[in-house]
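In what follows, a structure is listed as structure tokens, so that the remarks can point back to it.
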Amino acid sequence: MATLRQIPIDRACAMLSTIKEFQSLSESDLIEVAKACKWFRYEHDEKIIHFHDKSNSVFFIAQGEIRVTYHAISGHEVILCDLKRGEMFGELTAIDGKTRSASVIAKASVLLATMTAIEFKNLIYSNQHVADAILNRLTGEVRRLTERVYDFSTLTVSHRIQAELLRLAQKHMTGSNIAIVSPAPTHFDIANLVSTHREAVTREFSNLTKKRLIQRKGHDLHILDVERLTEMVNMVRGCI
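For the record, in the sequence shown the residue sitting at position 168 is 174 according to the numbering used here, with numbers rising by one throughout.
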């Protein structure tokens, strides 16, 4: 069960300053944001938001990682995305007033700052930097979802797996051409993300390992040639 946390204002400001949409705020603005927030701790696998829930708070991830999912009527779970420290979620309901469009669970112990829809809207209306950041975030989501719809409509399963690995690589770059995803996603999670079965992911990972594009080391997945993977994905997308 979520536990309410009392966070000193200076520590709250320090953690809120890591949120992407708040990084341009002045110290005085951060203090006002911190005063409007409540803090909650959720443990591994705890449900934070339920699909079609009528709550309207916005959440900011100060520590840990969450997973956004959608459950079909059949019971099949679809992973929409994972979000880490510095990200936010729940803004759609705060903006349009509709019920929650997905469920959210804690992937590990997570510390969240929350703000009511009214306070969130007031912040957007009163601060152009935050408004611009939110607009950029929403347009980025539209572009990301457009790309995924295109991939699902036009790419084979193996190519969708490659595209998903490229997305992961772009988020976990450790050098100019290398990415390390830690911990490595399970084959089941990758299959869920690209709408296939675990065996197909296992086959494609084996194929990419033989081509020396990826390598599993302990709990980590090393993507050894991001440029080559990018070329492969762009070719099947018709980008080059």
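Glycine included, C-beta positions come from ideal geometry on N, C-alpha and C.
Treat the numbers as computed from the prediction; the structure is a model and nothing was measured.
Residue i (DSSP reduced to helix, strand or coil)
i: Phe211; result: helix
i: Cys19; result: helix
i: His193; result: helix
i: Asp138; result: helix
i: Asp231; result: coil
i: Asn109; result: According to the sequence as given, residue 109 is Ser; it is not Asn. Ser109 falls in the strand class under three-state DSSP.
i: Thr180; result: coil
i: Thr236; result: helix
i: Ala100; result: helix
i: Ala114; result: coil
i: Thr120; result: strand
Top-ranked residue by Cα proximity to residue i, from the options
i: Ala42; options: Gly224, Met238 and Thr122; result: Thr122
i: Ser182; options: Asn133, Ile54, Glu147 and Val232; result: Val232
i: Asp138; options: Lys26, Ile15, Gln12 and Pro14; result: Lys26
i: Arg143; options: Glu33, Met179 and Glu97; result: Glu97
i: Val116; options: Glu125, Met94 and Ser132; result: Met94
i: Thr236; options: Val163, Leu22 and Leu174; result: Leu174
i: Arg17; options: Phe28, Ala185 and Ile37; result: Ile37
i: His228; options: Met238, Asp195, Thr215 and Asn240; result: Thr215
i: Arg209; options: Ser188, Gln168, Leu230 and Val187; result: Gln168
i: Thr9; options: Val200, Tyr48 and Val187; result: Tyr48
i: Ala40; options: Thr145, Leu129 and Leu141; result: Leu129
i: Arg73; options: Cys87, Val207 and Val136; result: Cys87
Residue range of the unbroken alpha helix (DSSP H) whose run includes residue i
i: Gln221; result: Taken as a continuous stretch (DSSP letters only), Gln221 belongs to no alpha helix (DSSP H), being part of the beta strand (DSSP E) at Ile220 to Lys223.
i: Ala169; result: Val163 to Lys177
i: Ala123; result: Ala123 to Ser132
Backbone CA spacing between residue i and residue j [nearest angstrom]
i: Leu31; j: Thr120; result: 18 Å
i: Ser80; j: Thr202; result: 16 Å
i: Phe66; j: Leu172; result: 26 Å
i: Glu83; j: Arg234; result: 32 Å
i: Cys57; j: Ile85; result: It is worth fixing the name first, because residue 57 is Phe in this sequence and not Cys. Rounded to whole angstroms, Phe57 to Ile85 spans 13 Å at the Cα level.
i: Gly224; j: Ile101; result: 42 Å
i: Ser23; j: Ile196; result: 32 Å
i: Ile220; j: Asn213; result: 9 Å
i: Glu71; j: Ala112; result: 6 Å
i: Val163; j: Phe126; result: 40 Å
N- and C-terminal bounds of the beta strand (DSSP E) containing residue i
i: Ile186; result: Ala185 to Val187
i: Thr9; result: Thr9 to Arg11
Entirely enclosed beta strand (DSSP E) segments - the stretch 16 to 98, minimum 3 residues = 44 to 48, 53 to 55, 64 to 69, 71 to 77 and 83 to 90
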